[in-house]
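Numbering (our numbering), first residue to last: 90 to 471. We put the CB at the ideal spot given by N, CA and C, even for glycine.
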Amino acid sequence: MCTGLGTRSWRAGSPPGRTRLHDWSPTMADDPTFGVSPADDGIPAHLRHHGDEDVADGLVDLAVNVRLPAPPPWLRTQLVAGIDTLAAYPDTREATKAVAARHGRPLDEVLVTAGAAEAFSLLARALRPRNAVIVHPQFTEPEVALRSAGHPVSRVLLSADDGFTLNPHAVGEAADLVVVGNPTNPTSVLHPAETLLALRRPGRVLVVDEAFADAIPGEPESLAGQRIPGVLVFRSLTKTWGIAGLRAGYVLGDPLLVERLRAVQPPWSVSTLAGLAVVACSGAEAAVEADELTAEAERDRAFLVDGLRELGVRVAGKPRAPFILITVADGERVRLRLRELGYAVRRGDTFPGLSTDWLRVAVRDRHTTRGFLDALRLALKE
């Protein structure tokens, strides 16, 4: 059962324009404040930046979007018991069955992966898109994976003026691969399922990143249970259950597309413990606690949003996920001052379409949030 977050520690170590579509080329002129990655592959280094890099020892972590700071006891028990099986090679058959049962799908419509990040790497290897489109701002790993594989990528940039909502007509007809998050990281916006389905076209693959879908009560607008040709849904288990270090996720969707991803997946890429976690997190006990966690997150998010608005801070869109996106004047100074005061938040300028005035804040328990709001009040006054 849900134990709540009030006694848990989050201390580490213990405005764009209107919606538009444009081509992107990896030149310094496009991103003058950023260099290329260490691999010198032409991909700006900021696209490889993730929230864990904003955290440091001694800081209260509001930068990483993992809801629990540690796995719940029932999951920990399963993982500890699995240590005795580590001499054998991993086998994901039971995990595949568990996911298929949870979502009411045949086995050939499920692929267990080492997190959603592996799924995007498999996608980039399995498909040969000529006109891939990424809906931004969102998780940057899909773009990195596609560009690393040599695929051309265009961006649809959603506007803060529209609450970062998606108009499906903004995606050009020539797009043969479209990737969109739902709910979207970092905006916390949940797009209607009908809006996503309006993106479908003959010859087009639609990928919906639902890494945070299980963090919303009832999982509204999810396509995970719908059997639709040309559609893939990527899921992650790390966000809700505090197992980012295990890398556990899965792909659901069109069996022909799932098989193409399966064909390029390296042997044993999903560890034994990750497979056990997938089974455990797909079961009845997990469903009960997930309901409690999502309800708790809703209350905690409302508390955070109310506190921010009392400070006069603008909250983007209509947040539905266990994180929110805010904008403040002189955001980089505010972010660095928050670090001095002991709080790490996620910088927004590494997401395409956002500037340094945007910050992403993870939803935490009320005690943690009160401390953060006090620190933010000081940072804004200075």
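Exposed or buried, residue i, counting other C-beta atoms within 10 Å across all chains shown (16 or more means buried)?
i: ASP389; result: buried
i: ASP298; result: buried
i: THR327; result: buried
i: LEU425; result: exposed
i: PRO161; result: buried
i: GLY420; result: buried
i: PRO226; result: buried
i: ALA414; result: Residue identity differs from the one stated: residue 414 is Leu in this sequence, not Ala. That one is buried.
i: LEU266; result: buried
i: THR166; result: exposed
i: HIS258; result: exposed
i: ALA170; result: exposed
i: GLU377; result: Note that residue 377 is Val in the sequence shown here, rather than Glu. Label assigned to VAL377: exposed.
i: GLU471; result: exposed
i: ARG422; result: exposed
i: ARG398; result: exposed
From the DSSP output, read off the bridge partner residues of residue i.
i: TRP447; result: THR416
i: ILE223; result: ARG244, VAL268
i: LEU151; result: VAL434
i: VAL340; result: LEU200, PHE323
On the three-state DSSP scale, how would you describe residue i?
i: ALA203; result: coil
i: PHE323; result: strand
i: PHE404; result: Before going further, note that residue 404 is Val rather than Phe in the sequence given. Three-state result, VAL404: strand.
i: LEU465; result: helix
i: GLY364; result: helix
i: VAL452; result: coil
i: ASP476; result: Because the chain here runs from 90 to 471, residue 476 falls outside it and cannot be looked at.
i: VAL473; result: The structure shown does not extend to residue 473, since the chain spans only 90 to 471, so no value can be given for it.
i: HIS192; result: helix
i: ILE172; result: helix
i: TRP163; result: helix
i: TRP357; result: coil
i: ASP251; result: helix
i: LEU216; result: coil
i: GLY261; result: coil
i: ASP180; result: coil
i: GLY460; result: helix
i: GLY396; result: helix
i: PHE209; result: helix
i: PRO318; result: coil
i: ARG426; result: helix
i: ALA282; result: helix
i: ALA410; result: coil
i: PRO309; result: coil
i: LEU335; result: coil
i: ASP380; result: helix
i: ALA238; result: coil
Residues in its own chain within less than 8 Å of residue i by CB, not counting five upstream and five downstream?
i: ARG409; result: PRO272, SER277, VAL278, LEU279, ILE305
i: GLU183; result: GLY364, VAL368
i: ALA352; result: ALA215
i: ARG349; result: ALA215, LEU216
Taking residue i and residue j to be in contact with their CB atoms under 8 Å, please state how far apart those CB atoms are, rounded to whole angstroms.
i: GLY252; j: GLY406; result: 4 Å
i: ALA189; j: VAL201; result: With 8 Å as the limit, ALA189 and VAL201 do not qualify as a contact, their Cβ atoms being about 10 Å apart.
i: LEU288; j: VAL260; result: 6 Å
i: ARG217; j: ILE132; result: Not a contact, Cβ separation roughly 19 Å.
i: THR445; j: ASP438; result: 5 Å
i: PRO411; j: ALA451; result: 7 Å
i: LEU427; j: ALA468; result: 5 Å
i: ASP303; j: ALA379; result: 6 Å
i: GLY396; j: THR458; result: 7 Å
i: THR254; j: LEU246; result: Contact flag wrong, Cβ pair sits at about 13 Å.
i: ARG466; j: LEU393; result: Their Cβ separation, rounded to whole angstroms, is 14 Å, which puts ARG466 and LEU393 out of contact at 8 Å.
i: ALA333; j: VAL155; result: 5 Å
i: ARG43; j: ARG194; result: No answer is possible for residue 43: it lies beyond the span of the chain, which begins at 90 and ends at 471.
Measuring only from the beta carbon, is residue i closer than 6 Å to any heavy atom that is part of the ligand ZN?
i: THR273; result: Questions concerning the ligand ZN fall outside what the structure shown contains, since it holds no ligand whatsoever.
Output yes if chain C places a C-beta closer than 7 Å to the C-beta of residue i; else output no.
i: ALA249; result: Checking the listed chains, one finds no chain C in this structure; it contains a single protein chain.
Excluding five sequence neighbours on each side, which residues of the same chain lie with their C-beta closer than 6 Å to the C-beta of residue i?
i: ARG403; result: THR416
i: VAL268; result: ILE223, PRO231, VAL296
i: GLN354; result: LEU211
i: ALA213; result: ALA234, LEU235, ALA238
i: PHE440; result: PRO226, PRO275
i: ALA263; result: ASN220
i: GLU374; result: TRP163
i: TYR178; result: TRP357
i: THR116; result: Caution is warranted here: a pLDDT of 31 is assigned to THR116, below 50, making its placement in the model unreliable, and the coordinate value is therefore given only provisionally. Around THR116: no qualifying Cβ.
i: SER371; result: ALA187, VAL188, ARG191
Within its chain, find whatever has a CB closer than 7 Å to the CB of residue i; leave out the 5 residues flanking it on each side and keep chain order.
i: THR185; result: LEU196, VAL199, VAL201
i: LEU312; result: ALA282, LEU285, VAL297, VAL320, VAL322
i: TYR432; result: LEU148, VAL149, LEU151, PHE461, ALA464
i: THR174; result: THR361
i: GLY204; result: SER325, THR327, ARG336, ALA337, GLY338
i: ALA206; result: GLU230
i: LEU346; result: VAL294, LEU321
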